[in-house]
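Chains as they are written, first to last, in this note's numbering: chain A, 13 to 165; chain B, 13 to 165. First up is the structure itself, then whatever we jot down about it.
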DNA sequence: CTTGAACCTATAGCTACTAGAGACATTAGA
DNA sequence: TCTAATGTCTCTAGTAGCTATAGGTTCAAG
């Protein structure tokens with residue numbers, strides 16, 4: 013049996029995150045020690061690593077919930093898992109093309125900056141006048157792809 | 013003088029969002045009609061359009077706050093605006109390369125799915141076993157680039 | 001047995017909004 | 001002029017996915 017801290021270190025997930033996953037029902041409640049501390053069976057580690065990996069790939073928690081349910085029932089057809097992964101792939105692709113458009117415009121903006129005073133700054137000017145923008149379509153196609161920033165550990 | 017609704021339609025920003033911007037001090041409080049409704053001078057439209065455009069480019073609100081302050085003082089050197097834009101550009105670039113790695117892995121996952129049962133599904137398997145992943149470095153370099161999904165209007 | 005680390009619960013905060021309730025204001029048409 | 005429809009007001013709470021803090025308890029090493 014693992015303590016929550018050891019489980020977290022092994023899976024690369026912070027302790028409060030594990031408690032959060034339990035709270036929202038992504039992990040089932042752990043058994044407790046006599047002193048009320050959580051104890052985990054080693055199998056929980058693979059489940060948590062699964063979650064972690066899916067989060068790294070940008071899957072939203074709700075999709076992960078579905079994937080875990082599928083994993084628990086290996087005789088089901090795989091189509092549902094495939095559909096979830098494909099949806100995620102499409103969300104990633106949408107986000108990439110959107111960000112490419114942004115990058116393009118940002119690069120032009122920065123390149124045109126003459127490093128003078130703000131009054132004649134292209135950065136400020138382009139932001140203020142959308143017509144100067146060469147990609148006027150960057151307000152479309154934003155998909156629901158969560159930005160996951162648990163990098164800071 | 014414009015009502016909040018007309019201002020919002022003209023700038024492509026929802027009414028509650030304008031009130032929110034006022035609340036957090038991004039827009040100064042509007043004058044009010046006798047019946048306590050907000051009235052905006054036409055100049056506010058360009059300020060709001062500026063915000064909208066910067067949001068479309070992914071700038072966080074705090075960066076926009078700084079950019080607006082710069083815009084208000086045209087004699088300052090442009091270096092600060094340039095730095096903000098460059099930081100945003102770098103954040104976008106980081107996010108793009110990160111998403112490219114994710115796309116790569118997702119594509120492999122989906123391509124290997126044999127559409128059988130979950131028990132032999134590559135999607136589930138790869139998620140559960142990080143070692144099967146060909147890009148094991150996707151847990152690094154996540155920058156603070158907000159995902160802005162106000163596309164739904 | 002003591003000490004320090006790890007653990008517990010509960011609450012609040014983060015970004016950038018969005019949604020809803022219930023009441024008041026404005027405006028276009030009859 | 002009245003009325004109905006739409007617009008607007010404030011306030012609160014909710015969204016995703018955690019993170020941080022406070023104040024207390026338990027565990028493991030020495």
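Built from N, CA and C at the ideal position, the CB exists for glycine as well. Owing to the predicted nature of the structure, the values given are computational and were not obtained by experimental measurement.
If I measure Cβ to Cβ from residue i and keep anything under 6 Å in the same chain, skipping five residues before and after, which residues do I get?
i, result
"residue 39(B)", "33"
"residue 45(A)", "51"
"residue 14(A)", "52"
Looking at chain A, is there any beta carbon in it that lies within less than 7 Å of the beta carbon of residue i?
i, result
"residue 110(B)", "no"
"residue 13(B)", "no"
"residue 83(B)", "yes"
"residue 19(B)", "no"
"residue 36(B)", "no"
"residue 148(B)", "Low confidence applies to residue 148(B): its pLDDT is 48, below 50, so where it sits in the model is not reliable enough to give any reading."
"residue 66(B)", "yes"
"residue 25(B)", "no"
"residue 73(B)", "no"
"residue 54(B)", "no"
"residue 93(B)", "yes"
"residue 98(B)", "yes"
For residue i, which of the options has the nearest alpha-carbon?
i, options, result
"residue 61(B)", "77(B), 119(B), 23(B) and 87(B)", "23(B)"
"residue 104(A)", "92(B), 96(B), 118(B) and 93(B)", "118(B)"
"residue 58(B)", "20(B), 91(B) and 47(B)", "20(B)"
"residue 37(A)", "74(A), 131(A) and 84(A)", "74(A)"
"residue 93(A)", "50(B), 14(B), 89(B) and 139(B)", "139(B)"
"residue 26(B)", "88(B), 111(B) and 63(B)", "63(B)"
"residue 124(A)", "90(B), 112(B) and 116(B)", "90(B)"
"residue 102(B)", "99(A), 102(A), 101(A) and 111(A)", "111(A)"
Use the C-beta contact count for residue i: other C-beta atoms within 10 angstroms, 16 or more gives buried, fewer gives exposed.
i, result
"residue 128(B)", "exposed"
"residue 42(A)", "buried"
"residue 113(A)", "buried"
"residue 79(A)", "buried"
Does residue i get closer than 7 Å to chain B when you measure Cβ to Cβ?
i, result
"residue 165(A)", "Note that residue 165(A) scores 32 on pLDDT, short of 50, meaning its location in the model is unreliable; the coordinates nonetheless yield the value given after this. Chain B contact via Cβ: absent."
"residue 131(A)", "yes"
"residue 89(A)", "yes"
"residue 125(A)", "yes"
"residue 78(A)", "no"
"residue 128(A)", "yes"
"residue 30(A)", "no"
"residue 140(A)", "yes"
"residue 70(A)", "yes"
"residue 57(A)", "no"
"residue 107(A)", "yes"
By how many angstroms is the C-alpha of residue j removed from the C-alpha of residue i?
i, j, result
"residue 49(A)", "residue 71(B)", "43 Å"
"residue 35(A)", "residue 65(A)", "20 Å"
"residue 134(A)", "residue 31(B)", "29 Å"
"residue 81(B)", "residue 98(B)", "17 Å"
"residue 85(A)", "residue 132(B)", "11 Å"
"residue 107(B)", "residue 109(A)", "12 Å"
"residue 18(B)", "residue 100(B)", "31 Å"
"residue 137(A)", "residue 68(A)", "37 Å"
"residue 96(A)", "residue 122(B)", "10 Å"
"residue 54(A)", "residue 83(A)", "17 Å"
"residue 16(A)", "residue 88(A)", "32 Å"
"residue 120(B)", "residue 141(A)", "42 Å"
Below 7 Å CB to CB, which residues in the same chain sit around residue i once its five sequence neighbours on both sides are set aside?
i, result
"residue 47(B)", "none"
"residue 77(A)", "38"
"residue 130(B)", "136"
Within its chain, find whatever has a CB closer than 8 Å to the CB of residue i; leave out the 5 residues flanking it on each side and keep chain order.
i, result
"residue 126(A)", "132, 133 and 134"
"residue 56(B)", "14, 19, 39 and 42"
So does residue i have its beta carbon nearer than 6 Å to some heavy atom of the ligand COA?
i, result
"residue 60(A)", "For the structure depicted, the ligand COA is absent and the ligand set is empty, with no information on it obtainable."
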